[in-house]
Structure formats: structure tokens, C-alpha cells
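Enquirer: Throughout, our numbering is defined as the position within the sequence shown, counted from one, plus 4. My questions all concern the structure below.
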Amino acid sequence: MDYTVNSDLYNLKDLSNEIIPIVTKYQKNPRLVEIAYHFKGKSNGYITLSFYQRNYKDTKKAYLITVEIDIYNKKITEILKTTGEDVNDKRLSNDELIKPLEKDLASMLNNYSDKNSTLEINNFGIWIYNYVPNVANRHISFD
5 MDYTVNSDLY
15 NLKDLSNEII
25 PIVTKYQKNP
35 RLVEIAYHFK
45 GKSNGYITLS
55 FYQRNYKDTK
65 KAYLITVEID
75 IYNKKITEIL
85 KTTGEDVNDK
95 RLSNDELIKP
105 LEKDLASMLN
115 NYSDKNSTLE
125 INNFGIWIYN
135 YVPNVANRHI
145 SFD
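What follows is the structure, encoded as C-alpha cells:
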């Protein structure tokens, strides 16, 4: 897909509002559950938006759609949809991402943009990982 994102990549609400209509081409009423920023120095990195629905009764209705955006040229580099049993991922929340969209995280994200780290944002908070070691060394709760 040849698409350049127009919104500020660090404004979660604007970013999700722009990407959701694109994802609806792949899934009716998609549920955004996580946004992850993967920073790899000043000139490299990408964002992953995860849309997910767990289904306990009919696994054929479960889906995971990931949208990958290059941070530096703002282009969508990949949209991947998976359905069925393989999608029921215990790591992903089944709750739609709501709390983080109301937060202003731009300055925090900008502070990490030149570091080798990953920030995973979901309703439970922000997990910050450094690439070495690949263990969450910080958690910030939204509660």
C-alpha cells in the first residue's frame, strides 16, 4: 500500500483516527488494542498499531491486524491480517485502546525517539524496553 500518514505520529488520537478507516477495508469495526513505537537510533524506527479481537467461542472470528508505519518517512510499510485459532494471543488485551488516546504522550515519545528502545502502549500503561537486555525496565500506569 502506498500511503503516507498525514497526522502527527506522536499524537495517538489523531494517528488512530487516520489509520482506522484504512483498517476497516480489512475488518469491519476494528478494535485498536495497542500501539508500539520501535525506535532504533535517529534515522530508523517504526510504529506498529495492533487491532485485535479474541474470540473464545468461535476462533474463526478472531483476528489480528497489524499496521506498520515507518517513523521517518511516515509511510505505511505493511498491513498484515491473521485470522483463526493462531490469533488468540494472551499478550494482547481484548479491550479497545481508550485511556492512552486521551493522554498527551508526544513529549515522552519524542524523548525516546533517538534511543534504541521500544514503547508498548495499551490500556494498562506504557512498557519501555531497551534492546539490550530485551526486558521491560520501566512501566508507567495510566491509573
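Backbone N, C-alpha and C fix where the C-beta goes; we use that ideal spot for every residue, glycine too.
I need the DSSP call for Asp74, collapsed to helix, strand or coil.
Expert: Three-state DSSP puts Asp74 in a strand.
Enquirer: Can you say whether Asn77 is buried or exposed, counting buried as having 16 or more other CB atoms within 10 angstroms of its CB?
Expert: So Asn77 counts as exposed.
Enquirer: For Ser145, count neighbouring C-beta atoms within 10 Å of its own C-beta (all shown protein chains included) and say buried if the count is 16 or more, exposed if not.
Expert: So Ser145 ends up on the exposed side.
Enquirer: Would the stretch 65-85 count as touching the stretch 105-116 if we require 3 or more Cβ pairs under 8 Å?
Expert: Short answer: they don't touch.
Enquirer: Measuring CA to CA, which of Asp74, Lys85 and Glu89 is closest to Ser117?
Expert: Of Asp74, Lys85 and Glu89, the residue nearest in Cα terms is Asp74.
Enquirer: Take the Cβ of Ser111 as the centre, count every other Cβ of all protein chains shown within 10 Å, and call the residue buried at 16 or more, exposed below.
Expert: With fewer than 16 other Cβ atoms within 10 Å, it is exposed.
Enquirer: Spatial neighbours of Asn120 within its chain, please: C-beta separation below 7 Å, excluding the five flanking residues on both sides.
Expert: The residues are Phe43, Lys44, Gly45, Asn134 and Tyr135.
Enquirer: Would you kindly work out how many angstroms separate the C-alpha atoms of Leu16 and Glu22, rounded to a whole number?
Expert: Each residue's Cα considered, the two are about 10 Å apart.
Enquirer: In this structure, does DSSP put Tyr30 in helix, strand or coil?
Expert: In this structure, Tyr30 counts as coil in the three-state DSSP scheme.
Enquirer: With DSSP as the reference, please indicate the residues paired to Phe55 in a beta bridge.
Expert: According to DSSP, Phe55 bridges with Leu36 and Ile69.
Enquirer: Can you tell me where the alpha helix (DSSP H) holding Tyr148 begins and where it ends?
Expert: Here the chain covers residues 5 to 147 and nothing more, so residue 148 does not appear.
Enquirer: Tell me whether Arg142 is buried or exposed, calling it buried when 16 or more other Cβ atoms sit within 10 Å of its Cβ.
Expert: Exposed, since its Cβ has fewer than 16 Cβ neighbours within 10 Å.
Enquirer: Assign Gly88 to one of two classes, buried (16 or more other C-beta atoms within 10 Å of its C-beta) or exposed (fewer than that).
Expert: With fewer than 16 other Cβ atoms within 10 Å, it is exposed.
Enquirer: Note down the Cα distance separating Val9 from Ile132, rounded to an integer number of angstroms.
Expert: So the two alpha carbons sit approximately 24 Å from each other.
Enquirer: How would you call Asn115, buried or exposed, if buried means at least 16 neighbouring beta carbons within 10 angstroms?
Expert: Under this definition Asn115 is an exposed residue.
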